[in-house]
Amino acid sequence: MKRPLINTLKGVSILAIAGFLSKILAALYRFPYQNLVGDQGFYAFQQVYPFYSIITTLSLVALPNFLSSLVHSSDTPEEDTRQFFQLTFIFSIIACLILTLSSQPIARLMGQEKLTGPFVMAILPLLLVPFLSLYRGQLQAQNQMSKTALSQVIEQVVRVCLIIVAAILFTRLTNNIYTISFLAMLGSFIGGVMALVYLRVTTPFKMNALFSNFFTISSKLNVLKKFGIPFLVFTFFMVYMLLLQMIDVFFVKNALLDMTQSITSNQAEVLKGIYDRGQPFLQLGLVITTSILTDALPKLTKRGVISNQIWQAVTYLSITITTGLFLLLPSMNDVLFKSHEHSFSLQLFILQIPLISMIQLHHHALFLAHKNKQSGLFLISGLCLKLILVYPLTSSFGLNGASLSSLISLLFVYLLYMIYSKKTPSALLNARFWLAIIAMSFVILIGTHIFLVDNRLLQLIKIGLLTMISAAVFFKVSKFKLKTLLT
46 MKRPLINTLK GVSILAIAGF LSKILAALYR FPYQNLVGDQ GFYAFQQVYP FYSIITTLSL
106 VALPNFLSSL VHSSDTPEED TRQFFQLTFI FSIIACLILT LSSQPIARLM GQEKLTGPFV
166 MAILPLLLVP FLSLYRGQLQ AQNQMSKTAL SQVIEQVVRV CLIIVAAILF TRLTNNIYTI
226 SFLAMLGSFI GGVMALVYLR VTTPFKMNAL FSNFFTISSK LNVLKKFGIP FLVFTFFMVY
286 MLLLQMIDVF FVKNALLDMT QSITSNQAEV LKGIYDRGQP FLQLGLVITT SILTDALPKL
346 TKRGVISNQI WQAVTYLSIT ITTGLFLLLP SMNDVLFKSH EHSFSLQLFI LQIPLISMIQ
406 LHHHALFLAH KNKQSGLFLI SGLCLKLILV YPLTSSFGLN GASLSSLISL LFVYLLYMIY
466 SKKTPSALLN ARFWLAIIAM SFVILIGTHI FLVDNRLLQL IKIGLLTMIS AAVFFKVSKF
526 KLKTLLT
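Just so you know, we're using our numbering here: the sequence shown kicks off at 46 and counts up by one.
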C-alpha cells in the first residue's frame with residue numbers, strides 16, 4: 046500500500062476516534078445539565094441548540110471537506126483557497142447579521158421571546174466558520190488529521206465544561222433559565238475560539254493576504270460553481286437530524302399549547318424539555334453504528350460498494366441497541382433525569398435509531414453510485430412529511446405524537462431508499478438473531494423486575510451490569526463477531 050493512502054487511512058481513523066469521543070461528550074453532558082437546571086431549563090437550551098450544531102457541522106466537516114477537495118483538484122490552489130475563505134467570510138457575516146436582526150421574531154416563532162438572547166449567542170459561532178474551515182481544510186488537504194481531531198476534542202471539552210459551570214451558576218446566582226441558556230451558548234462559542242487558537246498556534250499555515258482580490262467576482266463565481274450537487278447533498282445529510290430537531294423547535298411547544306387539555310406556557314416548556322431528553326439517548330444509540338460506518342468509509346470508497354458484512358452489522362447492532370435502550374429507558378429516565386414521566390414517548394423517540402442507521406447506509410450507497418439527486422429528493426420528502434405531521438400529531442397525542450412525527454417521516458425516507466435501491470433488509474430473516482434478541486430482552490426484563498433498588502447510584506450500577514450481561518448473552522446466542530467488520 047502506498048504511503049499517502051496509509052496516511053489517509055490513519056487520518057480518517059483519528060478523525061473517527063475524535064468524532065466518537067465528541068459524540069459521547071455531547072450526549073453525556075446533557076444528563077448533569079438537566080439535573081441542575083430542570084426540564085424547563087433544558088428546554089431553553091435545546092430550543093437554540095440545533096442552530097449552533099448546524100454551524101459547527103459546517104466548520105468541522107462540510108466546509109473543510111470541500112476545501113480539501115478544492116485544493117486537490119485546483120490548478121491554482123492558493124487563489125482558490127483565498128476565494129473560498131472570502132466567500133465563507135461574506136456568507137458568515139451576512140448570515141450572522143440577518144439572524145441577529147431577526148432574532149426576536151424567530152424567538153417568538155419558537156414560542157418564547159425570552160429565547161432571543163440565547164439564540165443570538167447560538168448563532169455567534171458563524172463568525173468562526175471561515176477561520177476554522179480554512180485551517181481544518183488545509184490540514185485535511187495535507188492529510189494532517191491529528192490537529193483537526195485534537196481541535197475538535199478541545200472545542201468539545203471546553204464547551205462541555207463551561208456549559209456545566211453555567212448550570213452550576215443557575216443553582217447559586219440566578220433562577221433565570223434563559224440567562225443560563227445564554228451562558229451555556231457563550232461557553233460553546235468560547236470552545237470554538239479555543240479550537241481556533243490551538244489551530245492558529247500549531248499550524249504552519251499563515252493567513253497572509255487572504256483579503257487580497259476581495260472584489261474579484263469571477264474567481265468567487267468559479268469557486269461557487271464547484272459547490273456541486275454531491276457537496277450540497279453531503280452537507281444536507283450531515284445536518285439532516287438537526288433539521289428535524291429544528292422543526293420540533295418551532296412546532297412542538299406551540300402544538301402542546303393547542304391540545305384539548307389546556308396547559309400554560311410554562312407547562313408546555315417543561316413538556317418540551319422532557320421530550321428533548323430523547324436526544325442524548327438517541328445520540329448514544331447512534332454512536333456505535335455511526336462509528337462503524339465512519340471507520341469503514343476509506344474501504345467503501347476504495348471498493349465503491351458497501352459490503353454485505355457492513356449492511357448486516359449495522360442492521361443487527363442498531364436493532365439490538367434500540368431493543369436494549371427501549372427496555373431500559375424507563376429505569377434510565379429515573380436514574381439520569383430523576384423522573385419517570387413520559388417514558389413511553391421517549392421509547393417511541395429512540396425507535397429512530399435503526400431507521401437513521403439504515404438511511405445512513407442507503408445514503409452512502411447512493412453517494413458511491415453518484416446518485417446524489419435521488420438521495421437529496423428522498424431526504425427532502427422526509428422533511429416535508431415531518432412538517433405536515435408534527436403539529437396535528439402533537440396537538441392530538443402530546444409528546445407521543447411529536448415522537449411519532451419523526452418516526453413516521455424517517456420510516457417514509459427509509460422506504461423510499463429501499464424501494465429505489467431494491468435492497469430489502471434480508472439480514473432480518475436470520476432466526477438466530479431474533480432468538481438472541483429474545484434472550485437478551487428476557488435477561489433485561491428479569492433483572493429489571495427482580496433486583497429492585499432505590500438508591501440512584503445503585504440503580505446506575507444495576508443498569509450497567511444488565512447492559513453488559515444482556516450484551517454478552519446477545520453475542521453468545523447470535524454468534525455475531527465485530528471483527529468481521531475489519532476484513
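We put the CB at the ideal spot given by N, CA and C, even for glycine.
Backbone CA spacing between residue i and residue j [nearest angstrom]
i    : j    : result
F520 : A186 : 40 Å
N500 : R75  : 21 Å
I262 : A254 : 17 Å
R204 : S471 : 42 Å
S67  : L362 : 21 Å
L269 : Q197 : 27 Å
Q290 : L503 : 33 Å
G237 : Y243 : 10 Å
F296 : Q392 : 21 Å
L195 : S178 : 15 Å
L474 : L480 : 11 Å
V210 : Q201 : 14 Å
K524 : T193 : 38 Å
I438 : Y320 : Note on identity: in this sequence residue 438 is Leu, with Ile being the wrong assignment. Their backbone Cα atoms lie some 14 Å apart in a straight line.
S148 : I491 : 51 Å
S233 : F478 : 42 Å
N445 : F215 : 30 Å
Beta-carbon proximity of residue i to residue j, cut-off 8 Å
i    : j    : result
A476 : V518 : no
P175 : T126 : no
T365 : I398 : no
L171 : I62  : no
F457 : G427 : yes
Y223 : G162 : yes
N258 : G156 : no
H407 : S466 : yes
F90  : S226 : yes
I453 : L432 : no
L413 : V350 : yes
L331 : S402 : yes
L160 : Q92  : yes
M230 : A140 : no
M283 : T102 : yes
V82  : D293 : no
M304 : S440 : yes
Residue i, buried or exposed, once every other Cβ within 10 Å from all chains shown has been counted against 16
i    : result
T334 : buried
T121 : exposed
H494 : exposed
R48  : For R48, the predicted model reports a pLDDT of 39, less than 50, meaning its position is unreliable and no value from the coordinates is stated.
S515 : buried
H409 : buried
N221 : exposed
L381 : buried
G509 : exposed
N353 : exposed
F256 : exposed
A217 : In the sequence as presented, Ala is not what sits at residue 217; that position holds Arg. Looking at its Cβ environment, which holds fewer than 16 other Cβ atoms inside 10 Å, R217 is exposed.
R245 : exposed
K526 : exposed
Q533 : The displayed coordinates of the chain run from 46 to 532. Any statement about residue 533 would go beyond what the structure contains.
F18  : Residue 18 lies beyond the residue range present for the chain, which begins at 46 and ends at 532; the question has no answer from this structure.
L460 : exposed
Cβ shell of residue i (< 8 Å), same chain only, five flanking positions each side left out
i    : result
T512 : G369 and L373
H385 : P375, N378 and D379
S388 : L374, P375 and N378
K418 : I274 and V278
Q128 : N258, T261, S264, K265, N267 and V268
Contacts around residue i, its chain only, beta-carbon distance under 7 Å, and the 5 residues preceding and following it disregarded
i    : result
F281 : G421 and L424
S113 : G182, Q185 and A186
L329 : A72
E124 : S264
S486 : T368 and L372
Own chain residues within Cβ distance below 6 Å of residue i, not counting five before or after
i    : result
Y88  : E314, K317 and G318
L301 : A313 and L316
L50  : Below a pLDDT of 50, predicted positions are generally treated as unreliable, and L50, at 35, falls in that range; no measurement from the model is reported.
V116 : P122 and A186
L455 : Q397 and L400
P325 : A72 and R75
V165 : T145 and S148
Any C-beta of chain D under 8 Å from that of residue i
i    : result
M485 : Structure shown: chain D not included; a single protein chain is present.
Runs of beta strand (DSSP E) wholly within the segment 362-426 (minimum 3 residues, chain order)
You should have found no qualifying run.
In chain order, which continuous runs of the beta strand (DSSP E) of length 3 or greater are located wholly inside the segment 76-130?
Along the length of the segment 76-130, whole beta strand (DSSP E) runs at least 3 residues long do not occur.
Length-filtered (4 minimum) alpha helix (DSSP H) runs lying within the segment 463-503
Within the segment 463-503, the runs of alpha helix (DSSP H) at least 4 residues long that lie entirely inside it are, in chain order, 476-495.
Please go through the segment 149-211 and give each complete alpha helix (DSSP H) segment of 4 or more residues, from N-terminal end onward.
With a minimum length of 4 residues, the continuous alpha helix (DSSP H) runs that stay inside the segment 149-211 are 161-168 and 174-186.
Ranges of the alpha helix (DSSP H) found wholly within the segment 274-322, counting only runs of at least 4:
For the segment 274-322, whole alpha helix (DSSP H) runs of length 4 or above, ordered along the chain, are 274-283, 285-301 and 310-320.
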